[in-house]
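**Student:**
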Amino acid sequence: MRAVVVGGGIAGVSAAHALSRKSVDGVSIEVTLVEAEKVLAHHTTGRSAAQLILNYGAGPIRALTRASLDFLHHPPDRLVDHPILEPRDVLTVAAAEQGESVERYLTEGRAANPEIREITVAEARELFPPLRLDRVARAILEPDSYDIDVAGLHQAFVRGLRANGGTIRLSAPVVGLERRSTDWVVTLADGERLTVDVVVNAAGAWGDVVAERAGIPPVDLQPMRRTAFMTPSRYGDSSGWPLVADVDHNWYVKPDGRRFLCSPADEQPSEPCDAKPEEIDVAMAIDRINAATTLDIRHVASSWAGLRTFTADRSMVIGPEPAEPSFIWCVGQGGTGIQTSPAAGHLVADLVADGAPGANFDGVELDLAGLLPDRFRLSPHHPQV
Ligand SMILES: Cc1cc2nc3c(=O)[nH]c(=O)nc-3n(C[C@H](O)[C@H](O)[C@H](O)COP(=O)(O)OP(=O)(O)OC[C@H]3O[C@@H](n4cnc5c(N)ncnc54)[C@H](O)[C@@H]3O)c2cc1C
Numbered sequence: 021m022r023a024v025v026v027g028g029g030i031a032g033v034s035a036a037h038a039l040s041r042k043s044v045d046g047v048s049i050e051v052t053l054v055e056a057e058k059v060l061a062h063h064t065t066g067r068s069a070a071q072l073i074l075n076y077g078a079g080p081i082r083a084l085t086r087a088s089l090d091f092l093h094h095p096p097d098r099l100v101d102h103p104i105l106e107p108r109d110v111l112t113v114a115a116a117e118q119g120e121s122v123e124r125y126l127t128e129g130r131a132a133n134p135e136i137r138e139i140t141v142a143e144a145r146e147l148f149p150p151l152r153l154d155r156v157a158r159a160i161l162e163p164d165s166y167d168i169d170v171a172g173l174h175q176a177f178v179r180g181l182r183a184n185g186g187t188i189r190l191s192a193p194v195v196g197l198e199r200r201s202t203d204w205v206v207t208l209a210d211g212e213r214l215t216v217d218v219v220v221n222a223a224g225a226w227g228d229v230v231a232e233r234a235g236i237p238p239v240d241l242q243p244m245r246r247t248a249f250m251t252p253s254r255y256g257d258s259s260g261w262p263l264v265a266d267v268d269h270n271w272y273v274k275p276d277g278r279r280f281l282c283s284p285a286d287e288q289p290s291e292p293c294d295a296k297p298e299e300i301d302v303a304m305a306i307d308r309i310n311a312a313t314t315l316d317i318r319h320v321a322s323s324w325a326g327l328r329t330f331t332a333d334r335s336m337v338i339g340p341e342p343a344e345p346s347f348i349w350c351v352g353q354g355g356t357g358i359q360t361s362p363a364a365g366h367l368v369a370d371l372v373a374d375g376a377p378g379a380n381f382d383g384v385e386l387d388l389a390g391l392l393p394d395r396f397r398l399s400p401h402h403p404q405v
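In the working numbering, the protein residues as written are 21 to 405.
(1) Which value, in whole angstroms, describes the spacing of the CA atoms of R233 and G196?
(2) Specify the secondary structure class of W226 as computed by DSSP and reduced to three states.
(3) I need the straight-line Cα distance from Y255 to R278, nearest angstrom please.
(4) What is the DSSP secondary structure of P96, counted as helix, strand or coil?
(5) Give the DSSP-derived three-state secondary structure of Q118 in the structure shown.
(6) Taking the C-alpha atoms as reference points, what is the distance between P284 and E162?
(7) Go ahead and label L153 buried or exposed: buried means 16 or more other beta carbons lie within 10 angstroms of its beta carbon, across all protein chains shown.
(8) Between D382, Q359, W349 and D268, which has its C-alpha nearest R428's C-alpha?
(9) Can you tell me which of the three DSSP states P289 falls into?
(10) Run the proximity test for W204: is its beta-carbon closer than 7 Å to any non-hydrogen atom belonging to ligand 1?
(11) How many angstroms separate the CA atom of N380 from the CA atom of L84?
(12) Quick check on the burial criterion: 16 or more other C-beta atoms within 10 angstroms. Buried or exposed for I300?
(13) Just mark V230 as buried or exposed, buried being the case when its beta carbon has 16 or more other beta carbons within 10 Å.
(14) Would you mind working out which of V51, V33, G390 and L398 sits nearest L214, comparing C-alpha positions?
(15) So G32 and V26 are in contact, right, with Cβ under 8 Å, and what is the actual spacing, rounded?
(16) Please list the segments of the beta strand (DSSP E) lying wholly inside the stretch 119-166, counting only runs of 3 or more residues, in order along the chain.
(17) Could you check which residue in C350, P292, R145 and K274 has the C-alpha nearest to that of A265?
(18) Quick check on Q404: buried or exposed, where buried means 16 or more other Cβ atoms within 10 Å of its Cβ?
(19) Go ahead and label H228 buried or exposed: buried means 16 or more other beta carbons lie within 10 angstroms of its beta carbon, across all protein chains shown.
(20) Using DSSP bridges, identify the partner residues of K274.
(21) Taking the alpha carbon of F249 as the point to measure from, which residue in D286, E198 and F396 has its own alpha carbon closest?
(22) On the criterion of 16 or more Cβ atoms from any shown chain inside 10 Å, does H102 qualify as buried, or is it exposed?
(23) Judging by CA-CA distance, which residue of C350, L72 and D374 is the nearest neighbour of G46?
(24) Report the rounded CA-to-CA distance for D268 versus R67, giving the unit in angstroms.
(25) Based on Cα-Cα distance, which residue from R397, L391 and F396 lies nearest to P80?
(26) Count the other CB atoms, across all protein chains shown, that sit within 10 Å of the CB of S43; report buried if there are 16 or more and exposed otherwise.
(27) Would you call the stretch 320-330 and the stretch 289-306 touching, i.e. three or more CB-CB distances under 8 Å?
(28) The alpha helix (DSSP H) spanning G172 covers which residue range?
(29) Going by C-alpha to C-alpha distance, which of E298, P237, A364 and E120 sits closest to R16?
(30) Measuring CB to CB, does A4 end up less than 8 Å from I136?
(31) Please work out which residues of its chain come closer than 6 Å, Cβ to Cβ, to P342, disregarding the five sequence neighbours upstream and downstream, and give them in chain order.
(32) Ordered along the chain, which non-local residues of its own chain (more than five positions away) have a Cβ less than 7 Å from that of R179?
(33) Comparing C-alpha positions only, which one of A70, V113 and I348 sits nearest to I236?
(34) Name the DSSP beta bridge partners of S43, please?
(35) Determine the direct distance from the alpha carbon of A69 to that of Y39, and round the result to whole angstroms.
(36) Would you please state the rounded distance, in angstroms, between the beta carbons of R108 and A369? I believe it to be under 8 Å.
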């Protein structure tokens with residue numbers, strides 16, 4: 021079997037690696053990954069906050085995060101030379117008027133991570149000294165959270181793909197996808213044509229664009245811009261401090277050595293594009309973070325934005341298109357595409373090679389229907405093809 025994976029972000033490389041480990045009828049799957057840009061991970065994957073949080077995302081996403089933990093904690097030796105995860109707790113804080121959100125967070129959060137607990141504001145300030153006691157009334161600690169070495173993880177999938185004989189094509193945008201009897205003919209911008217049996221759509225914000233090129237109806241992906249910036253720390257080495265976030269997702273701050281990564285946690289609808297930060301969003305983050313902390317942010321060392329791409333139900337779309345099962349979706353990664361990538365890749369490969377989730381999902385309550393594209397084909401707004 022020959023497969024082409026469209027997109028060289030974390031979704032594409034994890035799916036390509038997992039596929040390259042599979043065989044069908046005793047024959048290995050031949051995998052080619054095609055990426056439009058001249059480097060991999062140029063778009064959303066290279067712009068994340070690199071955090072793993074168990075209590076994050078829709079139900080099926082939480083299951084994918086759980087199913088990714090084994091790979092992330094114990095990646096195969098030959099693929100990495102240092103750990104992918106380093107512990108970093110998450111501290112969620114709230115003002116007095118955000119009590120309802122705190123209760124909801126605690127109830128929902130404990131289902132995903134039983135370690136989640138409320139701590140006193142004084143304890144919170146010991147963990148994160150810049151908290152303003154006059155603005156923070158409650159605090160929740162989420163241990164069992166981690167920094168992710170995103171570049172190391174992405175590279176691990178690339179190494180594994182290459183070691184299994186897979187091919188990567190850069191500066192190779194897919195401009196056409198044509199179904200011919202049992203094959204797909206994939207046309208690249210330079211006119212070259214690849215003939216394959218299976219197409220995996222891991223094109224991130226461009227997922228619906230790629231589907232349309234294949235004559236497949238969209239799943240109505242909505243890319244949302246999120247802004248981030250770095251500011252120097254006045255506190256010396258704060259690298260061991262937790263990530264601190266507002267309970268209603270209005271801002272977050274993540275220590276990064278002698279700097280802080282800051283974000284207004286914005287979600288601005290966007291077309292698929294090379295997202296750029298807007299000054300107003302950076303200013304909004306500074307206002308909100310300076311109000312809740314004594315970080316006293318005045319200087320922005322660098323800023324960027326990336327597109328977090330969601331479906332209407334904010335779960336991912338992973339699996340075969342019902343009317344065209346050789347077209348496999350792997351999109352809608354939203355704000356969790358890094359932490360779920362090992363399991364998302366395995367699921368793509370399992371569904372292609374075996375038609376069902378495999379051993380990586382043993383003991384994980386995976387709501388497959390909440391991931392399959394079929395759910396977008398049953399409503400009157402999404403007629404069957
Ligand atoms: C500020 C911010 C913070 C985040 N923090 C976290 C976090 O802490 N933890 C976490 O898990 N996630 C986080 N995320 C989300 C995470 O980054 C994304 O979910 C993930 O990177 C999406 O990966 P992807 O491969 O789907 O998309 P992308 O990385 O965008 O890759 C898609 C690729 O497809 C290519 N492509 C598109 N069209 C074509 C075509 N026609 N032909 C060939 N190639 C094509 C594009 O060039 C692109 O390289 C964050 C995102 C942002 C913006």
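We put the CB at the ideal spot given by N, CA and C, even for glycine.
**Tutor:** On the basis of the coordinates in this document:
(1) 6 Å
(2) helix
(3) 8 Å
(4) coil
(5) helix
(6) 20 Å
(7) exposed
(8) This structure cannot speak to residue 428, because the chain is shown only from 21 to 405.
(9) strand
(10) no
(11) 10 Å
(12) exposed
(13) buried
(14) V51
(15) 7 Å
(16) 137-139 and 158-162
(17) K274
(18) Low local confidence applies: a pLDDT of 43 at Q404 is under 50, so the model's placement there is unreliable, with the coordinate-based value given in what follows. So Q404 ends up on the exposed side.
(19) The sequence shown places Asp at residue 228, not His. Buried, because 16 or more other Cβ atoms sit within 10 Å of the Cβ of D228.
(20) L281
(21) D286
(22) exposed
(23) D374
(24) 22 Å
(25) L391
(26) exposed
(27) yes
(28) V170 to A183
(29) It is not possible to answer for residue 16, since the shown part of the chain is limited to 21 through 405.
(30) Look at the range of the chain in this structure, 21 to 405, and you will see that residue 4 is not part of it.
(31) D394 and R397
(32) L99
(33) I348
(34) S48
(35) Strictly speaking, residue 39 in this sequence is Leu, with Tyr absent from that position. Those two C-alpha atoms are separated by around 27 Å.
(36) No, R108 and A369 are not in contact; Cβ-Cβ is about 30 Å, not under 8 Å.
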